[in-house]
Amino acid sequence: MGGIDVDENLHSSIQGLFAVGECSNVKVHGANRMGGNSLLEIVHFGRRVGKSISQYIQEKPLHVKQQESTNLSSLFCQGECEPFFTLRKTLGKEMFDKAGIFRDEEGLCELEKSLEVIEKTYSSLTISDDNMSHNMWLVEHLKFGNSLLLAKAVVKSALHRKESRGAHYRSDFVGRNEKALHSYVCLDEKGLHVSFGDES
Amino acid sequence: MRVFVQGVEYQIPDNNMTVLNALIYIRENINPTLAFGYNCKSGVCGSCALRVNNQERLSCEYKIEDGDKIEPLGRHHHVKDLLVDKKPLRQILQKVHTWLHVRSEKVMDESSIELIEKQSDCVLCSSCFSACPVLDVKFDFLGPFALTRAYRYVADVREEDKSDFIEDIQMNGIWDCTLCGECAIACPAGINPKADILALRTKSMQYGYFDPTPPPSFDDEFGFNPNF
Numbered sequence: 095m096g097g098i099d100v101d102e103n104l105h106s107s108i109q110g111l112f113a114v115g116e117c118s119n120v121k122v123h124g125a126n127r128m129g130g131n132s133l134l135e136i137v138h139f140g141r142r143v144g145k146s147i148s149q150y151i152q153e154k155p156l157h158v159k160q161q162e163s164t165n166l167s168s169l170f171c172q173g174e175c176e177p178f179f180t181l182r183k184t185l186g187k188e189m190f191d192k193a194g195i196f197r198d199e200e201g202l203c204e205l206e207k208s209l210e211v212i213e214k215t216y217s218s219l220t221i222s223d224d225n226m227s228h229n230m231w232l233v234e235h236l237k238f239g240n241s242l243l244l245a246k247a248v249v250k251s252a253l254h255r256k257e258s259r260g261a262h263y264r265s266d267f268v269g270r271n272e273k274a275l276h277s278y279v280c281l282d283e284k285g286l287h288v289s290f291g292d293e294s
Numbered sequence: 036m037r038v039f040v041q042g043v044e045y046q047i048p049d050n051n052m053t054v055l056n057a058l059i060y061i062r063e064n065i066n067p068t069l070a071f072g073y074n075c076k077s078g079v080c081g082s083c084a085l086r087v088n089n090q091e092r093l094s095c096e097y098k099i100e101d102g103d104k105i106e107p108l109g110r111h112h113h114v115k116d117l118l119v120d121k122k123p124l125r126q127i128l129q130k131v132h133t134w135l136h137v138r139s140e141k142v143m144d145e146s147s148i149e150l151i152e153k154q155s156d157c158v159l160c161s162s163c164f165s166a167c168p169v170l171d172v173k174f175d176f177l178g179p180f181a182l183t184r185a186y187r188y189v190a191d192v193r194e195e196d197k198s199d200f201i202e203d204i205q206m207n208g209i210w211d212c213t214l215c216g217e218c219a220i221a222c223p224a225g226i227n228p229k230a231d232i233l234a235l236r237t238k239s240m241q242y243g244y245f246d247p248t249p250p251p252s253f254d255d256e257f258g259f260n261p262n263f
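If you read the protein sequences in the order shown, they are chains A and B. End of the first sequence sits at 294 in the working numbering; the numbers just go up one at a time, nothing left out. End of the second sequence sits at 263 in the working numbering; the numbers just go up one at a time, nothing left out.
In structure tokens:
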């Protein structure tokens with residue numbers, strides 16, 4: 095039911111990165127996960143991923159290089175800094191109202207615009223606590239950036255899927271298309287792209 | 036209402052909040068640099084353990100009241116605000132080798148599960164460690180949760196070879212407990228480490244060990260001298 099795309103050995107498209115559990119999409123649930131199956135999934139695939147990882151590192155020795163991808167110094171500023179918490183509440187409400195149980199084109203397009211506004215505000219925020227040890231404000235701030243990215247992916251996928259299937263319900267497209275296609279979201283330098291399984 | 040976090044006073048709304056909700060309110064509205072731990076917010080993971088009015092509680096369960104004093108766990112290395120370092124405690128568990136050593140093919144029935152059900156509930160929140168007075172004088176005491184976990188494996192009917200567990204807990208272990216019971220009061224899962232330690236003492240004697248503390252006698256003035 096959505097998640098990081100992995101193969102049957104829980105290996106993602108990034109070499110050496112495995113994903114298991116609710117965050118992963120090992121394609122056992124279809125369009126709507128049945129209650130209780132999440133626990134079964136993690137028990138079974140948790141064991142499987144342990145085995146596949148131990149096999150992987152026997153063939154390829156582990157070598158992790160740590161790189162700093164974000165320049166954090168621009169985030170810090172002394173004095174009054176407004177934290178992102180109100181933005182997080184706004185994001186939650188907007189996503190629940192417009193990308194929740196009932197979705198339609200109008201609501202989703204409005205949501206896309208709100209997300210752009212939220213993102214603009216977010217990129218201008220600063221943090222006054224520049225302590226690099228146990229800085230929860232910084233960690234939550236950065237995680238919120240990830241939430242925004244995921245929100246954009248959710249909205250784009252919802253707009254792209256012009257049908258109702260499983261947990262995805264469009265009040266403007268209540269029927270199901272004939273073919274059941276997976277949708278894939280990719281992030282590259284140009285941004286987020288959504289495509290269906292058969293498309294390139 | 037007023038609450039005190041490590042001596043600093045904060046005003047929070049009076050609407051039946053838990054300690055964790057109060058801390059989140061403080062972080063979002065008053066002091067964004069406040070550091071505290073939490074994860075499940077449901078009283079299951081144990082990450083949010085701290086002291087309210089000198090008693091260990093889970094901050095996501097305990098309802099805050101006017102004038103409450105919130106402090107980090109005691110007898111831990113203090114890191115920042117309400118965060119403490121819990122890593123050294125995991126290393127203690129390694130000393131007791133808490134995993135099945137020789138696994139038999141026995142199937143566990145209801146009564147066997149009941150023997151170890153409570154002790155298996157331990158989530159390593161370290162509340163018992165914070166409450167244990169032995170740690171003030173003996174830094175390498177194994178501690179309540181390690182001994183409870185040892186008991187959980189000693190009482191497990193699938194374990195064929197219990198002698199290793201018994202051997203590991205003799206030194207700095209069961210015989211150093213004062214039996215004060217503070218750990219049982221502090222445990223949010225309702226586990227009684229004191230009872231487990233007593234059971235382990237009986238078990239150790241069955242394996243031939245005994246209390247190494249010398250019994251009181253005339254030579255050492257029965258352990259205390261009232262005329263000092």
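Just so it is clear, CB atoms sit at the ideal spot from N, CA and C, and this is done for glycine as well. Model, not experiment: these values are computed from the prediction.
Residue i classed as buried or exposed, judged by whether at least 16 other C-beta atoms fall within 10 angstroms
{"i": "B/Arg187", "result": "buried"}
{"i": "B/Glu194", "result": "buried"}
{"i": "B/Thr237", "result": "exposed"}
{"i": "B/Gln154", "result": "buried"}
{"i": "A/Pro155", "result": "exposed"}
{"i": "A/Gly186", "result": "exposed"}
{"i": "A/Leu202", "result": "buried"}
{"i": "B/Trp134", "result": "exposed"}
{"i": "A/Lys284", "result": "exposed"}
{"i": "A/Thr180", "result": "exposed"}
{"i": "B/Lys229", "result": "buried"}
{"i": "A/Leu232", "result": "buried"}
{"i": "A/Lys256", "result": "exposed"}
{"i": "B/Phe164", "result": "buried"}
{"i": "B/Ser252", "result": "exposed"}
{"i": "B/Val87", "result": "buried"}
{"i": "B/Ile232", "result": "buried"}
{"i": "B/Phe200", "result": "buried"}
{"i": "A/Pro177", "result": "buried"}
Amino acids of chain A, ordered along the chain, whose beta-carbon sits closer than 7 Å to that of residue i
{"i": "B/Ala230", "result": "Simply none; closest approach about 31 Å."}
{"i": "B/Pro251", "result": "The premise fails here: B/Pro251 is roughly 48 Å from chain A at the closest Cβ pair, so nothing lies under 7 Å."}
Inter-residue Cα distance where the pair is residue i and residue j
{"i": "B/Cys280", "j": "B/Asp156", "result": "Absent from the model: residue 280 of chain B. The displayed extent of chain B is 36 to 263, so no value can be given."}
{"i": "B/Ser198", "j": "B/Phe245", "result": "14 Å"}
{"i": "B/Gly72", "j": "B/Asp120", "result": "11 Å"}
{"i": "A/Thr220", "j": "A/Leu244", "result": "22 Å"}
{"i": "A/Ser265", "j": "B/Ala181", "result": "56 Å"}
{"i": "B/Ile34", "j": "B/Val192", "result": "No information on residue 34 of chain B is available, as it lies outside the stretch 36 to 263 that chain B covers here."}
{"i": "A/Arg141", "j": "B/Cys80", "result": "22 Å"}
{"i": "A/Asn225", "j": "A/Leu236", "result": "15 Å"}
{"i": "A/Ile212", "j": "A/Gly239", "result": "10 Å"}
{"i": "A/Tyr263", "j": "B/Lys122", "result": "46 Å"}
{"i": "A/Leu281", "j": "A/Asp99", "result": "13 Å"}
{"i": "B/Tyr60", "j": "B/Asn66", "result": "9 Å"}
{"i": "B/Pro179", "j": "B/His112", "result": "18 Å"}
{"i": "A/Ser294", "j": "A/Gly124", "result": "Low local confidence applies: a pLDDT of 43 at A/Ser294 is under 50, so the model's placement there is unreliable, with the coordinate-based value given in what follows. Distance between the alpha carbons of A/Ser294 and A/Gly124: 21 Å."}
{"i": "B/Glu44", "j": "B/Arg37", "result": "7 Å"}
{"i": "B/Glu91", "j": "A/Lys145", "result": "39 Å"}
{"i": "A/Lys159", "j": "A/Glu272", "result": "46 Å"}
{"i": "A/Val288", "j": "A/Val279", "result": "5 Å"}
{"i": "B/Ile204", "j": "A/Lys246", "result": "55 Å"}
{"i": "A/Ile136", "j": "A/Gly96", "result": "15 Å"}
{"i": "A/Ile229", "j": "A/Asp223", "result": "Checking the displayed sequence, the identity of residue 229 of chain A turns out to be Asn instead of Ile. Cα to Cα, A/Asn229 sits roughly 7 Å from A/Asp223."}
{"i": "A/Asn103", "j": "A/Gln109", "result": "12 Å"}
{"i": "B/Leu85", "j": "A/Gln149", "result": "41 Å"}
{"i": "B/Asn64", "j": "B/Ser82", "result": "23 Å"}
Per-residue contacts from residue i into chain A (C-beta, under 8 Å)
{"i": "B/Ala70", "result": "His228, Asn229 and Met230"}
Within chain B, partners of residue i - CB distance below 8 Å
{"i": "A/Asp223", "result": "Pro67 and Thr68"}
Chain-ordered chain B contacts of residue i [CB-CB under 7 Å]
{"i": "A/Phe179", "result": "Glu63"}
The ligand MN heavy atom lying under 7 Å from the CB of residue i
{"i": "A/Gly124", "result": "The ligand MN is not part of this structure, which contains no ligands at all."}
is_contact[residue i, chain D] using C-beta, thresh 8 Å
{"i": "B/Asn74", "result": "Within the model displayed, chain D is absent; protein chains A and B are what it includes."}
*asked:* What are the residues in the stretch 114-131 of chain B lying within 9 Å of chain A by C-beta distance?
replied: Val114, Lys115, Asp116 and Leu118
*Under 7 Å (Cβ pairs) to chain A, residues found in the stretch 50-67 of chain B*: Glu63 and Pro67
*Any 3 or more C-beta pairs closer than 8 Å across the stretch 196-214 of chain B and the stretch 166-175 of chain B*: yes
*Decide yes or no for the touch test of the stretch 89-98 of chain B against the stretch 51-62 of chain B: beta carbon pairs closer than 8 Å, at least 3 of them.*
yes
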